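Peer 1: The following block contains the structure, expressed as structure tokens.
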Amino acid sequence: MRIDYDAVAAHAGNGSPHDPAHDHDAALRFITCGSVDDGKSTLIGRLLVDSRAVLQDQLASVSKSGEADLALLTDGLTAEREQGITIDVAYRYFATPLRKFIIGDAPGHEQYTRNMVTAASSADAAVVLVDATKLDWRDPALVLLPQTKRHTLLVSLLRVPSIVFTINKLDAVEDPAAAFANIRGALEAFTQAAGIEAHAIIPISALKGHNVVEAQPGWCGYAGPSLLQVLEKLDVTPAETAEAFSFPVQWVEKFSSSSDTSQGRRVFWGRVATGVVEPGQQVTVLPGGQTATVAQVLNHVREPGAVPARHSAGIVLDREVDVSRGDWLLAPGAIEATREISATVAWLDDEPLVAGRAYWALHGHRWVKARIRSIAHKLDVNTLEEHSAEQLEPNSIGHVLIALQEPLATLPHARSRTLGALVLVDTATHKTSAAVLVR
Numbered sequence: 016m017r018i019d020y021d022a023v024a025a026h027a028g029n030g031s032p033h034d035p036a037h038d039h040d041a042a043l044r045f046i047t048c049g050s051v052d053d054g055k056s057t058l059i060g061r062l063l064v065d066s067r068a069v070l071q072d073q074l075a076s077v078s079k080s081g082e083a084d085l086a087l088l089t090d091g092l093t094a095e096r097e098q099g100i101t102i103d104v105a106y107r108y109f110a111t112p113l114r115k116f117i118i119g120d121a122p123g124h125e126q127y128t129r130n131m132v133t134a135a136s137s138a139d140a141a142v143v144l145v146d147a148t149k150l151d152w153r154d155p156a157l158v159l160l161p162q163t164k165r166h167t168l169l170v171s172l173l174r175v176p177s178i179v180f181t182i183n184k185l186d187a188v189e190d191p192a193a194a195f196a197n198i199r200g201a202l203e204a205f206t207q208a209a210g211i212e213a214h215a216i217i218p219i220s221a222l223k224g225h226n227v228v229e230a231q232p233g234w235c236g237y238a239g240p241s242l243l244q245v246l247e248k249l250d251v252t253p254a255e256t257a258e259a260f261s262f263p264v265q266w267v268e269k270f271s272s273s274s275d276t277s278q279g280r281r282v283f284w285g286r287v288a289t290g291v292v293e294p295g296q297q298v299t300v301l302p303g304g305q306t307a308t309v310a311q312v313l314n315h316v317r318e319p320g321a322v323p324a325r326h327s328a329g330i331v332l333d334r335e336v337d338v339s340r341g342d343w344l345l346a347p348g349a350i351e352a353t354r355e356i357s358a359t360v361a362w363l364d365d366e367p368l369v370a371g372r373a374y375w376a377l378h379g380h381r382w383v384k385a386r387i388r389s390i391a392h393k394l395d396v397n398t399l400e401e402h403s404a405e406q407l408e409p410n411s412i413g414h415v416l417i418a419l420q421e422p423l424a425t426l427p428h429a430r431s432r433t434l435g436a437l438v439l440v441d442t443a444t445h446k447t448s449a450a451v452l453v454r
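Next up, the structure:
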């Protein structure tokens, strides 16, 4: 896939941050990912420093011999600092005159893929770093690192709306322009073969700051915007308001302190998953099957009125029905509950996945028993080919059939990022075993 850099530059340089066609006022949640030591933590440190989001005393605390170690601004765990690696996801916040940002620094090590998947599941964008010094950059047919491919595939599977590739450490190679051209070609070939759309491919130096905050026109033969300029114009994940109403109950308030809004009935609190909830609409309870009418809808500050997807709401029904934490309120007949799902899984457990094993499945706030009925295939992240398999090793991606003890109301993940996602948890160790994406 070819990137239209002129269009990207125009998009980054023009338009108002209050353009009604794009939600640029909302904070953008993005993650950095890629292989080990590609410079993810250093890149975030550079963004924070050059955007003046770091106080002088913070900068001094991570400085050694007058040089600031930018990676330490996010690597806060003692084990991370001792080993020089990122283990857990570290979140940092900063703002520019145009935008607010929430950054997740995801680990690059394969054994911490589960942490990266957790961060990606709620991200609006992913910045995938590629270390030019680790590749045979002189070869136009160079091969990308497996972890770069794996992370790209994972963020694509998790439907992260925007993927931006940054080719880092080009200041450390003899011919930065040739390295950028060859690595960009490899990325374009990979994304095209995988059916992944890349928003931009940018040459950077996280250590020196090239093309991170300020653009360096002509460097590496690139005339497009800087990484920050691209991020400032990306859209956040749109709310799924076009889908039928669905609502996972998180908390049941037995008696409201404000009887004038609840009429003395219980209030069901949670976050609207899809659609819009407003007084007068019919709802069905899953798994109970009862039906009722919405009598009142309260927002997060108990003000009455309609509430759309991605916002918290309190729902009062016109009659008392059996509803508890973990139940779902659904638009009647719109989403069919099923006991069997075909899904793509990113296997995160240390123990391999094998057919026949039972797990807990978490969907919204509802836990049900699940059993792996069969493994259809495993994806080869290097060739993107699907192979038959009897098990999925840690950090593998595959297609499985899952049988559920109780029905769940799911939609394909390609249609709904909320209703199409589950988590499998080991029944004995309580470890998160898999991210499940309904096909």
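Just add 15 to wherever you are in the sequence shown, counting from 1, and you've got this note's numbering. For glycine and all other residues, C-beta sits at the position ideal for the given N, C-alpha and C. Just so we're clear, the structure is a prediction, and the values are computed from it rather than from any experiment.
Measuring alpha carbon to alpha carbon, tell me which of T353, A196, V188 and T163 ends up nearest P155.
Peer 2: The count along the sequence shown starts at 1 and reaches residue 155 at position 140. Of T353, A196, V188 and T163, the residue nearest in Cα terms is A196.
Peer 1: Give the C-beta separation of T308 and L345 to the nearest angstrom, bearing in mind that I take them to be a contact with Cβ-Cβ under 8 Å.
Peer 2: Sequence index remark: in the sequence shown, residue 308 carries index 293 (1-based). Sequence index remark: in the sequence shown, residue 345 carries index 330 (1-based). 14 Å between Cβ atoms; not a contact.
Peer 1: Considering only residues of the same chain and omitting the five flanking positions on each side of L437, which have a CB-CB separation below 6 Å?
Peer 2: Your numbering for residue 437 matches position 422 in the sequence shown. The answer, listed in chain order, is A376, H378 and V451.
Peer 1: Which residues bound the beta strand (DSSP E) around L434?
Peer 2: Here residue 434 refers to the residue found at position 419 when the sequence shown is read from its first residue. That residue, L434, is in no beta strand (DSSP E); it is neither H nor E in DSSP.
Peer 1: Would you tell me roughly how many angstroms separate the C-alpha atoms of L394 and T163, rounded to the nearest one?
Peer 2: Stepping through the sequence shown from its first residue, residue 394 is reached at position 379. Stepping through the sequence shown from its first residue, residue 163 is reached at position 148. So the two alpha carbons sit approximately 15 Å from each other.
Peer 1: Excluding the five sequence neighbours on either side, which residues of its own chain have a C-beta within less than 7 Å of the C-beta of A36, listed in chain order?
Peer 2: On the sequence shown, position 21 is the one that residue 36 refers to. Confidence at A36 is low in this model, with a pLDDT of 37, below 50, so its placement is unreliable and the value that follows should be read with caution. So no residue of the chain qualifies.
Peer 1: Would you check if the distance between the CB atom of I211 and the CB atom of I182 is smaller than 9 Å?
Peer 2: Sequence index remark: in the sequence shown, residue 211 carries index 196 (1-based). Sequence index remark: in the sequence shown, residue 182 carries index 167 (1-based). Cβ atoms of I211 and I182: not closer than 9 Å.
Peer 1: To the nearest angstrom, how far is it from the Cα of L416 to the Cα of D441?
Peer 2: By one-based count along the sequence shown, residue 416 stands at place 401. By one-based count along the sequence shown, residue 441 stands at place 426. Cα atoms of L416 and D441: separation of roughly 17 Å, rounded to the nearest angstrom.
Peer 1: What's the C-alpha gap between A449 and P232?
Peer 2: Here residue 449 corresponds to residue number 434 of the sequence shown, with the count starting at 1. Here residue 232 corresponds to residue number 217 of the sequence shown, with the count starting at 1. Approximately 43 Å, taken between the alpha carbons.
Peer 1: Does P347 pass the burial test, meaning 16 or more other C-beta atoms within 10 Å, or should it be called exposed?
Peer 2: Taking the first residue of the sequence shown as position 1, residue 347 is located at position 332. With fewer than 16 other Cβ atoms within 10 Å, it is exposed.
Peer 1: DSSP beta-bridge partners for C48?
Peer 2: Locating residue 48 in the sequence shown gives position 33, where the first residue counts as 1. Note: C48 sits in a beta bridge opposite V143.
Peer 1: Please report the distance separating the alpha-carbon of L150 from that of G49.
Peer 2: Reading the sequence shown from its first residue, position 135 is the one you call residue 150. Reading the sequence shown from its first residue, position 34 is the one you call residue 49. Each residue's Cα considered, the two are about 14 Å apart.
Peer 1: Which word fits V316, buried or exposed, when buried means at least 16 other C-beta atoms lie within 10 angstroms of its C-beta?
Peer 2: Translated into positions along the sequence shown, residue 316 becomes position 301. Exposed.
Peer 1: Smallest Cα separation from V360: which of L169, I46 and L160?
Peer 2: On the sequence shown, position 345 is the one that residue 360 refers to. Among L169, I46 and L160, the Cα nearest to that of V360 belongs to L169.
Peer 1: DSSP on L363, reduced to helix/strand/coil?
Peer 2: Position 348 of the sequence shown, counted from the start, is the residue given in the question as residue 363. Three-state result, L363: coil.
Peer 1: Would you tell me roughly how many angstroms separate the C-alpha atoms of A418 and G371, rounded to the nearest one?
Peer 2: Translated into the one-based positions of the sequence shown, residue 418 becomes position 403. Translated into the one-based positions of the sequence shown, residue 371 becomes position 356. So the alpha carbons of these two residues sit roughly 10 Å apart.
Peer 1: For a test of the three-state rule: what should DSSP assign to F283, helix, strand or coil?
Peer 2: The residue labelled residue 283 in the question sits at position 268 within the sequence shown. Residue state, collapsed to three classes: strand.
Peer 1: Helix, strand or coil for T447 per DSSP?
Peer 2: If you number the sequence shown from 1, residue 447 lands on position 432. Here T447 sits in strand by DSSP.
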